[in-house]
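Protein chains in written order, with numbering that gives the first Met the number 0: chain L, 0 to 226; chain H, 0 to 226. Every residue, glycine too, gets a C-beta built ideally from N, C-alpha and C. This structure is a prediction, so every number in the text was calculated from the model and none was measured.
Number of protein chains: 2
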Amino acid sequence: MSTEYTNPLFTVDSVLFTVKNGQLMVLLVKRAQAPFTGAWALPGGFIDVEQDTNTDATASRKLEAKTGLKPAYLEQLQVISGPDRDPRGFSVTLAYFALVACQDVSPQISSVESASWIAVSDLEKTNLAFDHLQIIQMAKQRLQQKTLYSMTPIFCLPAQFTIAQLKTVIEAIIEKPIQRKSLMRRIEASRIFEIREEKVSSGGRMAQLYTLKPGADLVNFERNLSL
Amino acid sequence: MSTEYTNPLFTVDSVLFTVKNGQLMVLLVKRAQAPFTGAWALPGGFIDVEQDTNTDATASRKLEAKTGLKPAYLEQLQVISGPDRDPRGFSVTLAYFALVACQDVSPQISSVESASWIAVSDLEKTNLAFDHLQIIQMAKQRLQQKTLYSMTPIFCLPAQFTIAQLKTVIEAIIEKPIQRKSLMRRIEASRIFEIREEKVSSGGRMAQLYTLKPGADLVNFERNLSL
DNA sequence: ATAATAGTGTCTTTAAGACAGTATACA
DNA sequence: TGTATACTGTCTTAAAGACACTATTAT
C-alpha cells in the first residue's frame, strides 16, 4: 500500500439555517467563478491547515466570514463524494449543518452583497450549484428529526426566548402544529432551562423568558413528538 | 480564493462490529508499517478514484478485503481531523460504522492472519494505533443509540433469526436486559418482518424464525427502549 | 369589559415495562 | 412427567395529545 494515491479535492460546506418570520431559511452565496458561475451555493471552502485545528474550525471560520459570527450550533452532516458531482473531477465534500438566530445576523448580512437568506420552500425556483439542493434537503431532514427529540431549535433563537417563540420555530421546522403544553412539559422535564426574572409583553399576558442554563448540554428525549 | 491549498491526507477507516457469544466484537488489523508498527488499527485506507464510486465503496471494498464479504450494514460515523492525530502531519479520516453476522465471516477471517475480532470490553488492554480507541467508542455509542430506536442489530445476525437471538444481540450491545415482549411488539408493529415456515429447536419449545421482508427498509420507532 | 396571549389541570392515548400464566418440545 | 424454552395476556407506567379552563396584560 502506497501513499501515492490521487488525493481528491476535499472541501467543507455548511448548511446554515435560521427561522425568520415563521419560515425556515438557508444561507447561500452567489458563485463568482466557474463552474456554476452565478448560481447559488453553500458557503464553504478548503481547510487551511495553518489556522484550522480541524474541519469544525473550517466550517465555523467560513460561516463567520459570511455572517460576522460563529454559528450557535454546528454538527457534521455527511460526506458526499463521487466522480461526477464536480465537473473538475472526483471530489469529496464534508457537509455541516448549522443554526443561528436571525436577529444576531441580519445587520451584517445585508452589507455582504454575495450572501443571502433564501426560504427553503423557494429552493425549487433557485438555481443551485453542484448537488447542493440534495445536501440542503439532507440537512433539513436531519434538523426535522432532531427537532422531534431535542431542543436543538433554541439555537435559532436569541439567548432569552419565550415558549411562543420556540413553538413558532419548531413549527416552521417540522411543518406541523404542536401542543404548547408538550413544549412546556419538555422544558420542565429537561431541567436545562432557567426562568429569567424578566417577562416580555406580547399583546396579552406577559410571557416568561427562558434561557439555557450556563454550561448545560442539550438532552435527548426518550420519545418523539408525533408527525 | 485559490485551489492551491495544502490538501491534507484523506483516509477512510471502518469500525466493523459483530456479536459473538453474547460479546460485542470489533474487527482490527495489526499494523505492519510505521507509525504504530505492531499496534492494532481499524481496517481502512485511501480512496481509489479509479474503482470507488464514492467513500462508501472505499469502506466496503476495504472491509471485503479483510472479511471476504460486504458488510450487511454500513453508515458514515464521523470525520475526525487535526494536525496531531497522525505524526506525519494534518490528517482527515472519514470513519464508518458497520455490522456483519459473525457466522458469515468466521471461516475467512481465521485465514487472514493480520485481522481479528477483539472484544470491545478488552480494548483497554489493547495497544491501539492513532485515536482509534476514541473512534471505536464513538461507534459503540452510535450503535447503542440506534439499538434503542431501531432494529439495526439484525445485521449482526444471519438472514433468518429467532427473537431469542435478537434479544441476545441487543443485550450485548446496550449492556442491559430487555423485555422479550417489547421486542415482539416492535417486530409486529414495524411490519417489516416475515414469519418463515420453519421453526428451530432450542432446548424447549421450537422458536419461530423471522426474516426482514425483501426490499423492506428499517423503520425508526417513536420511542426508545429504556436504559 | 373585551380581546389577546400566557399558563394550568386533567383526561385520553400510545407504547414500553413487568410479570404471571399458557404452550410446546425433548429427555 | 419435568424442565427448559417459546409465546400470550394483561396490568402498570411514562410521556405525549387534546382541550377546556384560569390568569394577566393592553385598549
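- Listed in chain order, the beta strand (DSSP E) elements of length 3 or more contained wholly in the stretch 93-146 of chain H are 114-118.
- Rounded to whole angstroms, the gap between the alpha carbons of ARG60 of chain H and ARG179 of chain L is 49 angstroms.
- When the Cα atoms are used, ASN219 of chain H and ILE173 of chain H turn out to be separated by approximately 17 angstroms.
- Between the alpha carbons of ARG184 of chain L and GLN140 of chain L lies a distance of about 25 angstroms.
- Contact holds between the stretch 206-224 of chain H and the stretch 140-157 of chain H, because three or more Cβ pairs, one in each stretch, are under 8 angstroms apart.
- If you check each beta-carbon in the stretch 71-82 of chain H against every beta-carbon of chain L, the ones closer than 7 angstroms belong to GLN75, GLN77, VAL78, SER80, GLY81 and PRO82.
- When only Cα atoms are considered, PHE160 of chain L and PRO213 of chain L end up about 15 angstroms apart.
- Of all residues in the stretch 17-29 of chain H, none has a C-beta nearer than 8 angstroms to a C-beta of chain L.
- Chain-ordered, the chain H residues with CB closer than 8 angstroms to the CB of THR52 of chain L read GLY81 and PRO82.
- DSSP, reduced to helix, strand and coil, places GLU193 of chain H within a strand of the structure shown.
- In the DSSP assignment, GLU170 of chain H falls within the alpha helix (DSSP H) that extends over 162-173.
- Assignment of ARG30 of chain L by DSSP, reduced to helix, strand and coil, places it in the coil class.
- Separation of the CB atoms of GLY67 of chain L and VAL104 of chain L is rounded to 7 angstroms, and the pair is thereby assigned contact status at 8 angstroms.
- Chain-order list of chain L residues neighbouring PHE9 of chain H: ASN6, PRO7, PHE9 and VAL91, by C-beta distance under 8 angstroms.
- Annotated as distal: LEU211 of chain L and ILE135 of chain L, with beta-carbon spacing of 9 angstroms or more.
- If you draw a straight line from the Cα of LEU8 of chain H to the Cα of ALA56 of chain L, it is about 17 angstroms long.
- Chain-ordered, the chain H residues with CB closer than 8 angstroms to the CB of GLU221 of chain L read ARG222, ASN223 and SER225.
- Under the DSSP definition of a beta bridge, TYR72 of chain H partners with H:LEU98.
- Ranked by Cα distance from LEU15 of chain H, the first of H:ASN6, H:GLN22, H:LEU27 and H:GLY21 is H:LEU27.
- For ASP47 of chain L, the CB contacts under 8 angstroms within the same chain, skipping 5 residues up- and downstream, are THR57 and ARG60 in chain order.
- At a cut-off of 9 angstroms between C-beta atoms, PHE45 of chain H counts as an interface residue with respect to chain L.
- In the DSSP assignment, ASP12 of chain L falls within the beta strand (DSSP E) that extends over 8-19.
- Take ILE191 of chain H, set aside five residues on each side of it, and the residues of its chain with a beta-carbon closer than 8 angstroms to its own are MET150, LEU211, LYS212, ALA215, ASP216, LEU217 and VAL218, in chain order.
- Closer than 9 angstroms to the CB of GLY88 of chain H there is at least one CB belonging to chain L.
- PRO86 of chain H and ASP51 of chain L have their C-alpha atoms spaced approximately 17 angstroms apart.
- Under the Cβ distance rule, VAL48 of chain H counts among the residues neighbouring chain L, one pair being separated by less than 9 angstroms.
- DSSP, read as helix, strand or coil, puts THR210 of chain L in strand.
- Setting aside the 5 residues that flank it on each side, PRO82 of chain H is surrounded in the same chain by PHE89, each with a C-beta closer than 6 angstroms to its C-beta; the list follows chain order.
- ALA40 of chain H has H:VAL28 as its beta-bridge partners, per DSSP.
- Distance check between THR10 of chain L and each of L:GLU197, L:ILE117, L:ARG195 and L:TYR95 places L:TYR95 closest, using alpha-carbon atoms only.
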